[in-house]
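**Student:** In our numbering, the protein residues as written are 6 to 186.
Backbone N, C-alpha and C fix where the C-beta goes; we use that ideal spot for every residue, glycine too.
1) Less than 8 Å between C-beta atoms, sequence neighbours within five positions excluded: which residues of the same chain meet that for residue 48?
2) Just to confirm, are residue 119 and residue 130 a CB contact at a threshold of 8 Å?
3) Any idea if residue 38 is buried or exposed, counting beta-carbon neighbours within 10 angstroms, 16 or more meaning buried?
4) Within the continuous alpha helix (DSSP H) that includes residue 23, where are the two ends?
5) By how many angstroms is the C-alpha of residue 115 removed from the C-alpha of residue 140?
6) For residue 31, which residues from the same chain have a beta carbon less than 7 Å from its beta carbon, with the 5 sequence-adjacent residues on both sides left out?
7) Spatial neighbours of residue 167 within its chain, please: CB distance less than 8 Å, with the 5 preceding and 5 following residues excluded, ordered by chain position.
8) Please state whether the Cβ-Cβ distance between residue 132 and residue 146 is less than 8 Å.
9) Could you give the DSSP three-state label for residue 127: helix, strand or coil?
10) Cutting at 6 Å between CB atoms, please list the residues of its own chain near residue 126, excluding the five before and the five after it.
11) Could you tell me the distance, in whole angstroms, from the CA atom of residue 55 to the CA atom of residue 97?
12) Check whether the Cβ atoms of residue 59 and residue 19 sit closer than 8 Å, and answer yes or no.
13) Determine the DSSP secondary structure at residue 51, reduced to helix, strand or coil.
14) What's the C-alpha gap between residue 15 and residue 83?
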């Protein structure tokens with residue numbers, strides 16, 4: 006009965022010959038040595054598990070190993086990009102949610118403050134900012150002059166500015182509130 010070649014010794018020789026050049030190649034893609042070592046190890050594991058080293062010989066084996074390292078590196082980079090893109094999406098969703106919560110809180114504060122205003126001032130602000138009515142339409146609804154609408158609106162907005170300090174998002178919140186209602 007003919008003897009089987011010692012595949013363990015043959016594999017060890019291939020590993021000894023190619024592992025350092027493959028590691029240097031993987032380091033071009035992944036500067037962290039541990040990550041590059043993992044890639045080279047993955048390629049050699051595949052080579053061992055599928056007994057490819059018995060099927061592919063000499064220069065073809067060297068070419069195969071370098072291509073396998075390159076492809077493994079590229080696949081990992083793609084996965085990293087996908088993960089980074091997904092993390093960016095999650096981060097944007099969180100920021101959007103936080104912004105919406107902040108705006109909703111501000112809108113609630115503004116609505117409460119408007120509700121506490123005198124009737125005509127409240128009706129004017131509500132009509133213009135929430136119902137998107139023109140000044141004249143509000144004046145006609147309330148049976149008051151256009152100048153009274155302008156004066157009461159100005160008074161109401163001055164009050165809101167004082168109440169909310171120098172918050173620059175006040176008018177943005179009013180516009181958002183108009184879009185929500």
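**Tutor:** The answer reads as follows:
1) On the chain shown, residue 48 is found 43 positions in, with the first residue counted as 1. Within the same chain, residue 48 has close Cβ partners 27, 70, 73, 74, 77.
2) Locating residue 119 in the chain shown gives position 114, counting from the first residue. Locating residue 130 in the chain shown gives position 125, counting from the first residue. Yes, the pair counts as a contact, with Cβ atoms nearer than the cut-off.
3) By 1-based counting over the chain shown, the position of residue 38 is 33. Exposed is the call here.
4) One-based indexing of the chain shown puts residue 23 at position 18. Note, residue 23: alpha helix (DSSP H), 12 to 34.
5) Here residue 140 is taken as the residue at index 135 of the chain shown, counted from 1. Here residue 115 is taken as the residue at index 110 of the chain shown, counted from 1. Spanning the two alpha carbons is a distance of roughly 21 Å.
6) Mapped onto the chain shown, residue 31 falls at position 26. So the list reads 41, 44, 45, 74, 78, once near-sequence residues are dropped.
7) Residue mapping note: residue 167 aligns to position 162 of the chain shown, counting from 1. The answer is none, since no qualifying residue turns up.
8) As a first step, residue 132 is located in the chain shown; it is residue number 127 there, counting from the start. As a first step, residue 146 is located in the chain shown; it is residue number 141 there, counting from the start. Going by C-beta atoms, residue 132 is nearer than 8 Å to residue 146.
9) Counting from 1 along the chain shown, the entry for residue 127 is found at position 122. Residue state, collapsed to three classes: helix.
10) For this step, residue 126 is matched to residue 121 along the chain shown. For residue 126, where only same-chain residues beyond five positions count, the Cβ hits under 6 Å are 157, 161.
11) Taking the chain shown and counting its residues from 1, the one referred to as residue 55 is at position 50. Taking the chain shown and counting its residues from 1, the one referred to as residue 97 is at position 92. Distance between the alpha carbons of residue 55 and residue 97 is about 43 Å.
12) Looking up residue 59 in the chain shown gives position 54. Looking up residue 19 in the chain shown gives position 14. Cβ atoms of residue 59 and residue 19: not closer than 8 Å.
13) The residue you call residue 51 lines up with position 46 of the chain shown. Helix.
14) If you number the chain shown from 1, residue 15 lands on position 10. If you number the chain shown from 1, residue 83 lands on position 78. Straight-line Cα distance between these residues: approximately 33 Å.
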